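Read top to bottom, the protein sequences are chains G and B.
Count along the first sequence from 1, then add 46; that gives the number in this note's numbering.
Count along the second sequence from 1, then add 325; that gives the number in this note's numbering.
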Amino acid sequence: MKTVEALISCMVLLSFSSAILLQAPHPDSSAVEHYRLAEHVWRIAYLKGCFNQSAPLEIELADAEGISKDLAAGDAGSFGTELASLAVGGTYAEMEECLNAEVIPEVEYETGLPISFENIQAAGEISSGTAITKTVIVGGIPKKVTLRFG
Amino acid sequence: MRKGFVSFDLLFCAIPLLLMLSHFLTFIWIATEGTETSLRYEETTGKLSTIADYLVKRGAVERGGDLTSFLGASHYSPNLIVDANPDVEGIRKRMGLERLSAGIDVDTEEGTCVYRLVLYNEEIRKFFVCGG
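This is the structure in structure tokens:
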């Protein structure tokens, strides 16, 4: 009698533990997809030529020093900083115009997700979401630009 | 008399326990089915992501360089798509999928789909990989 009760109690307890273990949350894979998409947005902006204008750029020494300090003490962002060597020549205005006119609206239209570039005057202002920081070189001066996605 | 009392005691004790047990076994069966479906979906999604990454980096992109050079080394331009509807039959067999379709204009109604942002004809488009 006691053996039977013990057996049934044991089975009920095992059922509880199995049920609890099966309810364990699965890892969220959408964050990984967002990082992939953000990387692809960088790549597409590069392919669109936003980081490859040919116009010369004159940068004052004070600006260059400030940018160097920014780079030295800068925040790496949630995903880390990657030296991408994305741009040569050109001006920030041309880069911003290219991103504003050709990249941001089309990407937002295709994905339905908001994006924004920080540290440059590009459209889109979102404070959260997947962030990837890269170093963009304009006129030989590196500048950290963060892309926020979603 | 004592034996009968013990039997009734066992009966009234065992019935609720058996009902609880059957309830939990049913619950576990349903949960296992859900977990299995979820894992199968994640496995399929992983395979589709791998295929999508391959296609937008190698399989369907613009290729430059000399294909007859050493080891056929050539230069690829990731995300710059030239083949809007690549042939993926070989990939489907190798990956063990029942159906697979990839391209810019793919019917996304059936099966699981993942997409990558690409540049096609100088336009930003979604490159879909669907299958199951």
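Backbone N, C-alpha and C fix where the C-beta goes; we use that ideal spot for every residue, glycine too.
Nothing here was measured: the structure is a model prediction, and the numbers come from that model.
Check, Outcome
"Residue nearest to B:L405 in terms of C-alpha spacing, selected from B:M420, B:R450 and B:L342", "B:R450"
"Three-way DSSP call (helix, strand, coil) for G:L193 in this model", "strand"
"Test: B:K451 CB closer than 8 Å to a CB of chain G", "yes"
"Buried or exposed (CB count within 10 angstroms, at least 16 for buried), G:C56", "exposed"
"Residues from the stretch 338-372 of chain B in contact with chain G, defined by Cβ distance under 9 Å", "C338, A339, L342, L343, M345, L346, H348, F349, L350, F352, I353, A356, T357, G359, T360, S363, L364, E367, T370 and G371"
"Residues bridged to G:R82 (per DSSP)", "Paired residues: none, contrary to the question."
"Interfacial residues, the stretch 400-429 of chain B to chain G, with Cβ spacing under 7 Å", "P403, N404 and L405"
"Endpoints, beta strand (DSSP E) assigned at B:P411", "Premise fails: B:P411 is in no beta strand (DSSP E) and is neither H nor E."
"G:P156 and B:L442 closer than 8 Å at C-beta", "Note that residue 156 of chain G corresponds to Glu in the displayed sequence, not to Pro. Taking 8 Å as the Cβ cut-off, G:E156 and B:L442 qualify as a contacting pair."
"Below-8 Å beta-carbon distance, G:A130 vs any chain B residue", "Here the model assigns G:A130 a pLDDT of 44, short of 50, so the residue's position is not dependable and the matter cannot be decided."
"Per-residue contacts from G:V182 into chain B (C-beta, under 7 Å)", "Correct list: empty, because the minimum Cβ distance to chain B is about 18 Å."
"Where G:V134 sits in the DSSP three-state scheme", "Its pLDDT being 48, under 50, G:V134 is placed unreliably by the model, and nothing is read from it."
"Bridge partners - G:S162, DSSP secondary structure assignment", "G:R194"
"Helix, strand or coil at G:K94 [DSSP, three-state]", "coil"
"Any C-beta of chain G under 8 Å from that of B:L336", "no"
"Where G:A147 falls, given that 16 or more other Cβ within 10 Å makes a residue buried", "exposed"
"Cα-Cα separation between B:W354 and B:T433, rounded to whole angstroms", "31 Å"
"Proximal residues of chain B, C-beta to C-beta of G:H80 below 9 Å", "Within 9 Å Cβ-Cβ: nothing; G:H80 doesn't reach chain B, min ~12 Å."
"Any chain B beta carbon closer than 8 Å to G:P140", "Here residue 140 of chain G turns out to be Glu, not Pro, going by the sequence shown. No, because no Cβ of chain B sits closer than 8 Å to the Cβ of G:E140."
"Under 7 Å from the C-beta of B:R441: neighbouring residues of chain G", "H86"
"Beta carbon proximity, B:L380 to chain G, threshold 8 Å", "no"
"Between the CA atoms of G:F97 and G:I183 - distance to the nearest angstrom", "8 Å"
"B:A385 (DSSP reduced to helix, strand or coil)", "coil"
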